[in-house]
């Protein structure tokens, strides 16, 4: 049986299930043993909560990060609140046992936070609920499962891994992590990646299918879990696991190296991320900067768009994490296939050709200025934020964005707020029109970044999600290769840096072309950082030039891809496979 | 009783971390400290009370202190709020 979920941490784990079921917090059987005794139990419970929380926070700070630890120190501060304490004691005076008092008061506060208008403050409701759960568990003596001593090859199966569960985790004996909830940036995912454990998250009803001791294979790279694998499957996956470890060990050698080709020419290798947490993971993986920070996720699944303060926080956090390295932040890229309920977008007949990205933002200057102001302010401290405009198709759009940026600067100047006066603004090249007028655009901006996913789609007029036209959707199409070469040449001529942030930048068959044409920056997914660095290191400029000329002589995508892939195979020699 | 008006400048407003810093400083003071904002009054020694007041960046607030250490408490409160509570 194969279960599917989110591929949250790469690697393969084989082992037996250790199921962490929700602990029972029913206290209806607890008798009331008098006000003094109940108050004493409550005090002892709160003291134990504080001790344990401080220990957890220290460990999380060390293993994961300051931001994650703050959730816990915040819980400790809330439980130390004199009103909360007094209200619990009052409930005990009224005849409630310590558990009922804790439950009632925490539930009341969770409800109060859930009802406030401020979005960020509403999230505190989840903290109060977690606090309630943990305090009740302590009072009932229903300890969190002890994960500090596990049998070798344990696969943890849980609804969700909370920080309290994972403190002191016996990671040597943990083979993999599997949960029913949580996404790429959840606590479980961050922890799994920090510990280098394979993880698949958000498998619906995992605990209903899996029992303690069941054999499992977790494929964290593909988001797949095999339940009750037979011997043949197990040996196949053991082989893959060995290959993965061998590959990882080889690539680990590239982690702290500069990105250079075989001639010693330097490139910048960055990562594409969607949050500050992902930026931290990218830095850890060896990225030299962030080449694409997507901001649209911040606008999704919520009732109102994020305000300036919230955006400022998020951008500044990413900038701090990457201190001394550039963070290219793409302004809001909604429309096309990316909807955001809070933005109240009109339905369009042809959304990919409609009012999306920069077009949408320029039509709503008040909304756009919130983001531009947040960016300008967030750059004040480290001066390492760069702004990137998505979906530009003419010079007027760049000028309009610059005018808004200047207006924001003037406002911040008048308000005497710190901001980055020299913040560089660049253009994402992802439409054929932008590629054709690259020479004109280069005079209006500070850098280019080629977004291949959309550039291919628009150049070939082929929907990338439509299987019937997938033969057209290829970076190796002669038209697409010519567009890329032209954009890089235009940037060189104007003297501005040019990068590529689409998936093609990590493709071993595309990399020699980019080296030959003179790309400055590769920006790839975090998982591809080291393989891209290894791949770049294999090429000498003259060989790449020869190959690029040959590839451009091909009149079909199949011809170009064929000659590039064949050359990559022969170039590998003693170097590690990508 | 002494009181003074000021403006919240830190970007998050009196959110978890800044509120923690403020409350722990006020707890040291031997006097009552209240924060008034938009007609609501919050106890500056209670993090729950302060956070539920949802005091955001730019909010005009009034700080009232009464008790033996009122002068010192007011000075300290203004200094903390006006320095951005270590959050700028």
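Protein chains in written order, with this note's numbering: chain A, 1 to 578; chain B, 1 to 88. Even for Gly, the Cβ is constructed at its ideal location relative to N, Cα and C. Just so it is clear, the structure is predicted and the values come from calculations on it, not from any experiment.
- Excluding five sequence positions before and after residue 319 (chain A), the CB atoms of its chain that fall closer than 8 Å to its own CB belong to 327, 378, 379, 381, 382, 384 and 385, given in chain order.
- Straight across, the Cα-Cα distance linking residue 362 (chain A) with residue 426 (chain A) is about 16 Å.
- Under the Cβ criterion (8 Å, minimum of three pairs), the region 551-566 of chain A counts as touching the region 503-514 of chain A.
- Uninterrupted alpha helix (DSSP H) stretches at least 4 residues long and entirely within the region 453-520 of chain A occur at 478-494 and 511-517, given in chain order.
- Among the residues of chain A, none has a CB under 8 Å from the CB of residue 36 (chain B); the nearest is roughly 18 Å distant.
- Note on residue 286 (chain A): 16 or more other CB atoms within 10 angstroms of its CB, so buried under the neighbour-count rule.
- Using a Cβ-Cβ cut-off of 7 Å, residue 420 (chain A) does not count as an interface residue toward chain B, since no Cβ of chain B sits closer than that to its own.
- Residue 246 (chain A) and residue 521 (chain A) have their C-alpha atoms some 28 Å from each other.
- A direct Cα-to-Cα measurement between residue 76 (chain A) and residue 498 (chain A) gives close to 48 Å.
- Per DSSP, residue 128 (chain A) is one residue of the alpha helix (DSSP H) stretching across 124-140.
- For residue 73 (chain B), there is no enclosing beta strand (DSSP E); the residue is part of the alpha helix (DSSP H) that begins and ends at 70-82.
- As DSSP reads the structure, residue 524 (chain A) sits in a beta bridge with A:271.
- At a Cβ-Cβ threshold of 7 Å, residue 392 (chain A) and residue 442 (chain A) do not count as neighbours.
- Distance from the CA of residue 347 (chain A) to the CA of residue 312 (chain A), rounded to the nearest whole angstrom, comes to 30 Å.
- No Cβ-Cβ contact shorter than 7 Å links residue 549 (chain A) with residue 571 (chain A).
- The Cβ-Cβ distance between residue 106 (chain A) and residue 132 (chain A) falls below 7 Å.
- The three-state secondary structure of residue 263 (chain A), taken from DSSP, is coil.
- At a cut-off of 4 residues, the continuous stretches assigned as alpha helix (DSSP H) that sit fully inside the region 293-325 of chain A are 308-321.
- By the Cβ-count criterion, residue 32 (chain A) is exposed, with fewer than 16 other Cβ atoms from all chains shown falling within 10 Å of its own Cβ.
- Residue pairing of residue 33 (chain B) in beta bridges, as defined by DSSP: B:65.
- Within the region 23-73 of chain A, complete alpha helix (DSSP H) segments of at least 4 residues are found at 35-63, given in chain order.
- The three-state reading of DSSP puts residue 550 (chain A) in helix, counting H, G and I together.
- Going by beta carbons, residue 227 (chain A) and residue 200 (chain A) fall outside the 7 Å limit.
- DSSP places residue 103 (chain A) in the helix class (H, G or I) of the three-state scheme.
- If you check each beta-carbon in the region 44-78 of chain A against every beta-carbon of chain B, the ones closer than 8 Å belong to 70, 73, 74, 77 and 78.
- Straight across, the Cα-Cα distance linking residue 37 (chain B) with residue 75 (chain B) is about 18 Å.
- In the displayed model, residue 447 (chain A) falls within coil according to three-state DSSP, outside both helix and strand.
- At least 7 Å separates the CB of residue 31 (chain B) from every CB of chain A.
- For the beta strand (DSSP E) assignment, the uninterrupted runs of no fewer than 3 residues enclosed by the region 321-398 of chain A are, from N- to C-terminal side, 327-330 and 385-389.
- In the DSSP assignment, the residues bridged to residue 15 (chain A) are A:216.
- Straight through space, the alpha carbons of residue 72 (chain B) and residue 49 (chain B) are spaced by roughly 22 Å.
- The straight-line gap separating the alpha-carbon atoms of residue 223 (chain A) and residue 568 (chain A) is approximately 28 Å.
- Contact with chain B is found for residue 118 (chain A), since one of that chain's Cβ atoms lies less than 7 Å from the residue's Cβ.
- Under the DSSP definition of a beta bridge, residue 158 (chain A) partners with A:20 and A:179.
- Pairing residue 2 (chain B) with residue 70 (chain B) gives a Cβ-Cβ distance under 7 Å.
- Here residue 204 (chain A) is exposed: its Cβ has fewer than 16 other Cβ atoms, across all protein chains shown, within 10 Å.
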